[in-house]
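Contents: one structure, followed by commentary.
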Amino acid sequence: MDILSMSLDEVTAAFKENSIQAFRAKQVYEWLHKHLVQSYDEMTNLPKDLRAKLTADFPFEGCKVEKVQTASDGTLKFLYTLKDDELVESVVMKYKYGYTVCVSSQVGCKMGCRFCASTVGGFRRNLTPGEMLDQVYRAQSYVGERISHIVLMGMGEPMNNFDNVMKFISLFTDENGINLSVRNISLSTCGIVPGIEKLREKHLQLTLSVSLHAPNDKIRSGIMPVNKKYGVDELLSACRRYASETSRRISFEYSMMKDVNDSDECAKELASKLKGMLCHVNLIPINEVETSPFRPSTQERISRFSEILSGSGISTTVRRKLGSDIDASCGQLRLKSIRERGNPDASCS
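Going by this note's numbering, 328 is the number at position 328 of the sequence shown; the sequence numbering is gapless.
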């Protein structure tokens, strides 16, 4: 485990095993997680010989900023190179309340959602807690302001990297580090029911976001292969248990796709299935993805869909469209970069 992925207790124990004074552990930990340094040489209150020993024995390599794109609305898209030369993305969005970072949890994705570019490059591996943390740390260093919210909605399926994601959350909410409130963290899943059940048992006060995108199995199975294993009714039952036991409102993400899932009938069916649940529906005007056959719904259709849900008592908002001019959708920048590296099919095989 790299040192950026270790808790303060783990760093302290590791230092003790290597005959390093215990108080140095907290110094190093704060340099990493409060001052966001990228090398031991920047830890100026450590002796030179200790810095050399730490460099040799406890190397840490997070995310190297490969490219940053800035949209006309101020949205930032980061492309990072990892220690094994893999590529991963994050997005920084500016709201009235501050900056939100959309974090990736995997290199690529294996879930195969047809409207998402993350899956096109193939699944490579899980990200470590430190690699997830460093996406936020590099973004915070770049914008020069404290990040106020984290959404685990970038590349990958967080539930398929459950333990590392839980460790990431633990580190990010640690009072010895950034100390972000867990209530300011959202975790998204495409519908891995066992993962939702495991998360429910932890009673974390984060926001669970479920990528629903359709009100029934016929439509959802056509755009999200995961639905063939965990159908809409089974998924919504798990969501009801989660909301009931944690008293936390679930956010259902619903990407609006023209002539696919945006009809009045879809809105009425969705309202019927969500009736009585502690939830919120977030309608998303999708960005066009080069590899996707789907196109965004019209603004009129989105407004009508929202009216039907709201009229049925379902809390509903329409997400502000961000970053469309910089390919801000998950995986798009990575896909382009893979092709620029000489893999036109972007199969990553």
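In this text, a Cβ means the ideal position worked out from N, Cα and C, and glycines have one as well.
With burial defined as no fewer than 16 other Cβ atoms inside 10 Å of the residue's Cβ, what is the status of residue i: buried or exposed?
i, result
"G311", "exposed"
"Q135", "buried"
"S19", "exposed"
"K229", "exposed"
"L4", "buried"
"S251", "buried"
"A328", "At A328 the pLDDT is 48, less than 50, meaning the model places this residue with poor confidence and gives no usable figure here."
"A56", "exposed"
"T44", "exposed"
"S211", "buried"
"Y99", "buried"
"S118", "buried"
"L214", "According to the sequence as given, residue 214 is Ala; it is not Leu. Buried: at least 16 other Cβ atoms inside 10 Å."
Which of the three DSSP states, helix, strand or coil, is assigned to residue i?
i, result
"G144", "coil"
"R149", "Residue identity check: residue 149 is His in the sequence provided, not Arg. Strand at H149."
"N184", "helix"
"S312", "coil"
"R285", "Before going further, note that residue 285 is Pro rather than Arg in the sequence given. The answer is strand: DSSP assigns P285 an E or B state."
"V11", "helix"
"R304", "helix"
"L127", "coil"
"P215", "coil"
"A328", "Bear in mind that the predicted position of A328 carries a pLDDT of just 48, short of 50, making it unreliable; the figure below should be weighed with that in mind. The answer is coil: DSSP assigns A328 none of H, G, I, E or B."
"P194", "helix"
"L208", "strand"
"V318", "strand"
"P293", "coil"
"M6", "coil"
Determine, using beta carbons only, whether residue i and residue j come nearer to each other than 7 Å.
i, j, result
"M256", "L236", "no"
"H203", "T246", "yes"
"S209", "S186", "yes"
"K83", "E61", "yes"
"V92", "A139", "yes"
"I314", "A271", "yes"
"M132", "F162", "no"
"V101", "I147", "yes"
"Y40", "V11", "no"
"R200", "Y254", "no"
"F115", "F294", "yes"
"N164", "N216", "no"
"L278", "R319", "no"
"G130", "D233", "no"
"L46", "Y137", "no"
Can you find a heavy atom of the ligand MG that lies under 6 Å from the Cβ of residue i?
i, result
"P129", "For the ligand MG, the structure offers nothing, since it holds no ligand at all."
Compare the C-beta of residue i against all C-beta atoms of chain C and say whether one is closer than 7 Å.
i, result
"M1", "Absence of chain C from the displayed structure is noted, only one protein chain being present."
Problem - Inter-stretch contact at 8 Å, needing at least 3 Cβ pairs: the stretch 291 to 308 / the stretch 255 to 270 - result: With the rule of 3 Cβ pairs closer than 8 Å, the stretch 291 to 308 counts as touching the stretch 255 to 270.
Practice task
Answer yes if the stretch 170 to 182 comes into contact with the stretch 69 to 86, meaning at least three C-beta pairs across the two stretches below 8 Å, and no otherwise.
Solution key: The stretch 69 to 86 vs the stretch 170 to 182: no contact.
Handout entry: Three-pair Cβ contact test at 8 Å for the stretch 156 to 165 versus the stretch 93 to 107
Key = Because the criterion of three Cβ pairs below 8 Å is met, the stretch 156 to 165 and the stretch 93 to 107 touch.
Practice task
Output the residue ranges of the beta strand (DSSP E) runs that lie fully inside the stretch 223 to 281 and measure 3 residues or longer, sorted by chain position.
Solution key: Taking 3 residues as the minimum length, the beta strand (DSSP E) runs contained wholly in the stretch 223 to 281 are 250 to 256, in order along the chain.
Practice task
Return the chain-ordered ranges of every alpha helix (DSSP H) run that is complete within the stretch 42 to 106 and spans a minimum of 4 residues.
Solution key: DSSP runs (the alpha helix (DSSP H)) wholly in the stretch 42 to 106: 48 to 57.
Problem - the stretch 133 to 152 / the stretch 223 to 238 touching (three or more Cβ pairs under 8 Å) - result: The stretch 133 to 152, when compared against the stretch 223 to 238, does not touch it at the 8 Å Cβ threshold.
Handout entry: the stretch 56 to 66 / the stretch 79 to 96 touching (three or more Cβ pairs under 8 Å)
Key = Yes, the stretch 56 to 66 touches the stretch 79 to 96.
Handout entry: Inter-stretch contact (C-beta, 8 Å, three-pair minimum) for the stretch 11 to 26 and the stretch 186 to 202
Key = As far as the Cβ criterion goes, the stretch 11 to 26 does not touch the stretch 186 to 202, which means the pair count is below three.
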